[in-house]
Amino acid sequence: MKTNKIYLSIFVFAFLTLTLGCEDDDIEVNTTPEFQSFVEAISSLPGQTFTLSAVVSDPAGIKSINMKYDKWFLDKTIVLDSLPETYELAYSFKVPDNEVENSSHIIAITVNNVGNKSNVRNVTVTLDKDIASPTINLVNPTNNATVLISSANEIDFDITVTDNRELSEFSIEGELLSETQSISGTSFNYTNSLNVDNPGKYSFIIKAADVSGNESTTELIVNVLNDLIFDQMYITDVTDPVLLTSDIFGVPYTTDASTVVSEDGYVFTARYYAEAANAEVRFIPQKQSFGPYTFGADPNISGRLVLGADQNVNPIVIPNAGYHEIKIDLRDNSYTITPYTPNDSAFNQVYIIGRGVFISDTVSTCTSNANGSVVCWNFASGKPFTQDSANPYLWTIDVTINDQPNDNGVNGFILNANPNGWSPFWRMDTDNDPEATVPNGGVNYVFPDAAIGNDYTFIFDTHLNRLSAVRR
1 MKTNKIYLSI FVFAFLTLTL GCEDDDIEVN TTPEFQSFVE AISSLPGQTF
51 TLSAVVSDPA GIKSINMKYD KWFLDKTIVL DSLPETYELA YSFKVPDNEV
101 ENSSHIIAIT VNNVGNKSNV RNVTVTLDKD IASPTINLVN PTNNATVLIS
151 SANEIDFDIT VTDNRELSEF SIEGELLSET QSISGTSFNY TNSLNVDNPG
201 KYSFIIKAAD VSGNESTTEL IVNVLNDLIF DQMYITDVTD PVLLTSDIFG
251 VPYTTDASTV VSEDGYVFTA RYYAEAANAE VRFIPQKQSF GPYTFGADPN
301 ISGRLVLGAD QNVNPIVIPN AGYHEIKIDL RDNSYTITPY TPNDSAFNQV
351 YIIGRGVFIS DTVSTCTSNA NGSVVCWNFA SGKPFTQDSA NPYLWTIDVT
401 INDQPNDNGV NGFILNANPN GWSPFWRMDT DNDPEATVPN GGVNYVFPDA
451 AIGNDYTFIF DTHLNRLSAV RR
């Protein structure tokens, strides 16, 4: 009798379990899941991560949400054991790196309730996201230009702004003016003229934005003087005005301004290496152009400085190859050339380290020299410069700058002279428009967007701490 009771208990338990289980699978509900809010169009790019966002609800309880797109091997189901009446979806997914830009893709989002009733909505992901900021070009005046007070307007603005999609706003702010205007199209030109009564250094902050919210900002400094006195001076051995702006940095090369009270603003000294005899140089106080002032040599009077308005002024000629100090004095319009021999030690090798720097278009500074693994910003992946046959301080390397988008790093570089460690190393004096390298100091340099995709020759003089990156 006891045995029969046991069998009966087991039968009843099994029956109840089966009955309750079937009732759970066959719950009758009269509702269908609803999308309270839903992001149905997303703009992204290959290699970038986007987020599928929605708020769904159902009074019967939400059981699961599925996101599916076979081409990207996406088939993700989120199972909700608590059966909430409302659920906020925020699921992130990375676009495959090899996907095609400007292509469109449809991801199906399916919401199921506890009664297995479902609702499906499609998300269109278009790989056309605009991440490029507008480009600001200072046509006139160039940055750090110097103008003299006269009877006419001293500052004539000519500024162009371009964008690969659509511009939205332009502004220029400074002590002398404040102006903001809505703009449209892919290009815009701003012109204006200012009459300046008082000499001084005037700063203007120029901003441009596009409809995607990308912004660019640049500072324009204009020196307004009663006479020819300058805060800074540059030396250059190029004659093509384009070469003053086509480099990433290094052209023209900065000089040392005298800090002696009577010489301040008038006396400047440049250290320069002449690769051959009769090298020609000129001095300019404005970094990006030969006008309005270029200083050269009087062809008839040795050591006499003359002022010109462009690169056609007669150059200062350095008679012999080698290192020289060239000193100009605007008080008496004179210049001197003094040869010298460096006494600092040369290095056995110099390397470039970083990310986004490619040698022969294929091997990057993220490729380990030891085993070919990916190691960015590391001395183990430094690529060697070539030493000049006549000057142990002078090094060159040809590179291509390209984006490396597969991690969260930035595209930039530092230099070092040790394949097995960091020191000695060089970084730049600033991360924006640098003018010199800083031994065992400085800041990491990050390439501007305009440099990506271009070929450059890096020329590094370890004695002068001069680094230039010029187009090739």
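Residue numbering for the sequence shown follows the numbering used here, beginning at 1 and increasing consecutively.
By construction, the Cβ of each residue, glycine as well, lies at the ideal position given by its N, Cα and C atoms.
For residue i, the residue or residues it bridges with in DSSP
i: P339; result: H324
i: M67; result: K76, I109
i: D231; result: Answer is none; D231 lacks a bridge partner.
i: D81; result: Answer is none; D81 lacks a bridge partner.
i: E179; result: I172
i: R471; result: Y456
Euclidean distance between Cα positions of residue i and residue j
i: T77; j: V100; result: 26 angstroms
i: A209; j: T218; result: 12 angstroms
i: S468; j: V55; result: 54 angstroms
i: N140; j: A346; result: 42 angstroms
i: Y234; j: P319; result: 20 angstroms
i: I183; j: F458; result: 38 angstroms
i: N418; j: S187; result: 47 angstroms
i: F13; j: G61; result: Reliability of the predicted coordinates at F13 is poor, the pLDDT of 44 falling under 50, and no value is obtained from them.
i: Q181; j: F170; result: 5 angstroms
i: N312; j: Y293; result: 11 angstroms
i: E34; j: D97; result: 34 angstroms
i: N432; j: S203; result: 17 angstroms
i: D75; j: T362; result: 35 angstroms
i: I248; j: P448; result: 8 angstroms
i: A370; j: G409; result: 22 angstroms
i: D24; j: L167; result: For D24, the predicted model reports a pLDDT of 46, less than 50, meaning its position is unreliable and no value from the coordinates is stated.
i: P424; j: F157; result: 45 angstroms
i: A41; j: T51; result: 11 angstroms
i: V224; j: N378; result: 46 angstroms
i: Y69; j: I109; result: 9 angstroms
i: P342; j: Y323; result: 8 angstroms
i: V123; j: I65; result: 14 angstroms
i: S216; j: I205; result: 10 angstroms
i: V443; j: A152; result: 42 angstroms
i: Y335; j: I301; result: 11 angstroms
i: V474; j: P199; result: The requested residue 474 does not occur in the structure, where the chain is confined to residues 1 to 472.
i: D264; j: I328; result: 12 angstroms
C-beta contact flag for residue i and residue j at 9 angstroms
i: Q288; j: L138; result: yes
i: V196; j: T236; result: no
i: R466; j: G250; result: yes
i: F49; j: K94; result: Before going on, a small fix: residue 49 reads as Thr here, not Phe. For T49 and K94, yes; Cβs fall inside 9 angstroms.
i: A274; j: T255; result: no
i: K207; j: I172; result: yes
i: N226; j: I149; result: yes
i: W426; j: N440; result: yes
i: M67; j: Y91; result: yes
i: V147; j: I159; result: no
i: N119; j: T32; result: yes
i: P290; j: L244; result: One point to set straight first is that residue 290 is Phe, not Pro, in the sequence displayed. Contact flag set, yes.
i: L330; j: I229; result: yes
i: A279; j: V317; result: yes
i: N348; j: V306; result: no
i: I326; j: I337; result: yes
i: I359; j: V399; result: yes
Same chain, Cβ closer than 7 angstroms to residue i, five either side skipped, listed in chain order
i: L16; result: Only weak support exists for where L16 lies, its pLDDT of 41 falling under 50; the value from the coordinates is given anyway. There are no such residues.
i: T162; result: P134, T135, T186, S187
i: D344; result: H463
i: P252; result: Y234, I235, T236, L244, I284, K287
i: P392; result: A346
i: S368; result: V375, A380, S381
Where residue i falls, given that 16 or more other Cβ within 10 Å makes a residue buried
i: G296; result: buried
i: W422; result: exposed
i: R304; result: exposed
i: D455; result: exposed
i: D58; result: buried
i: T259; result: exposed
i: N416; result: buried
i: Q382; result: In the sequence under discussion, the amino acid at residue 382 is Gly, which differs from the Gln named in the question. G382 is buried by the Cβ-count criterion.
i: Y340; result: exposed
i: S44; result: buried
i: V242; result: exposed
i: I27; result: exposed
i: P510; result: Because the chain is modelled from 1 through 472, residue 510 falls outside the range shown and cannot be assessed.
Cutoff 8 angstroms; reference residue i; Cβ partners in own chain excluding five residues on either side
i: K63; result: V79, L80, L83, N112, N113, V114, N116
i: T396; result: F385, T386, D388, T457, F458, I459, F460
i: Q404; result: R355, G356, S364, C366, C376, N411
Residues of its chain near residue i, where Cβ-Cβ distance is below 6 angstroms and the 5 sequence neighbours each way are ignored
i: S212; result: D130
i: N144; result: I221, Q286, K287
i: N214; result: S133
i: H105; result: V125
i: S246; result: R471
Neighbour flag for residue i against chain B, beta carbons, 9 angstroms
i: Q36; result: The question asks about chain B, but that chain is absent: this structure has only one protein chain.
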